[in-house]
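For the sequence shown, the residue numbers in this note's numbering are 415 to 544. This report refers to the structure that appears directly beneath it.
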Amino acid sequence: MPIDVRFDEDRELLHITLSGAWPTLPEIVAERSRLILSGYIRPTVVELIDARNVSRGLPNPSQMKTILHAIGNLPSKRAVLVSSNIQYAAGKLAETLDPHGVRVFREESVALDWLFHNASEKMLKKPLSS
415 MPIDVRFDED RELLHITLSG AWPTLPEIVA ERSRLILSGY IRPTVVELID
465 ARNVSRGLPN PSQMKTILHA IGNLPSKRAV LVSSNIQYAA GKLAETLDPH
515 GVRVFREESV ALDWLFHNAS EKMLKKPLSS
């Protein structure tokens, strides 16, 4: 259950890569706590979860609901990258449980476009200072 975390401060992007078995709930809670204490999880941050190399242990509906509840509402936008149809189905379940904050994707560029879509609109609407 390796979890690799990278944080891009300039883009406020939390990039989490999972491989092997899907992490257990205690592992997820411990990692989220570490990320919160490190200051990586905050309202302006978006999250990209790359689950394309997860090979076993995908959560069932009850587990998915528990995971989403345990990790909370921040960041407010999470894109999940998947590679298989089974992963895609699990991701769609997460979308159903959190329709405003989670989207599942197969292509990283499309996921990043979705994550940063509103951020670029806000920048365009922001008044220029003199």
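Here a beta-carbon is modelled for each residue, glycine too, at the ideal position from N, C-alpha and C.
Q.
Along the chain, where does the alpha helix (DSSP H) containing N499 start, and where does it finish?
A. N499 to L511
Q. What is the DSSP secondary structure of V496, reduced to helix, strand or coil?
A. coil
Q) Where do the N-terminal and C-terminal ends of the beta strand (DSSP E) with L451 fall, by residue? A) L451 -> not in any beta strand (DSSP E); alpha helix (DSSP H) instead, spanning L439 to L451.
**Q.** Helix, strand or coil at S490 according to DSSP, with G and I counted as helix
**A.** coil
Q. Exposed or buried, which one is V524 when buried takes at least 16 other CB atoms within 10 Å?
A. exposed
Q. In its own chain, which residues sit with a C-beta less than 6 Å from the C-beta of W459, not counting the 5 before and 5 after it?
A. Just to set this straight, residue 459 is Val in the shown sequence, not Trp. Counting only Cβ-Cβ distances below 6 Å, and skipping sequence neighbours, we find E426, L428 and P489.
Q) For F519, which beta-bridge partners are listed by DSSP? A) L495
Q. So does the region 465 to 485 actually touch the region 431 to 443, counting three or more Cβ pairs closer than 8 Å?
A. yes
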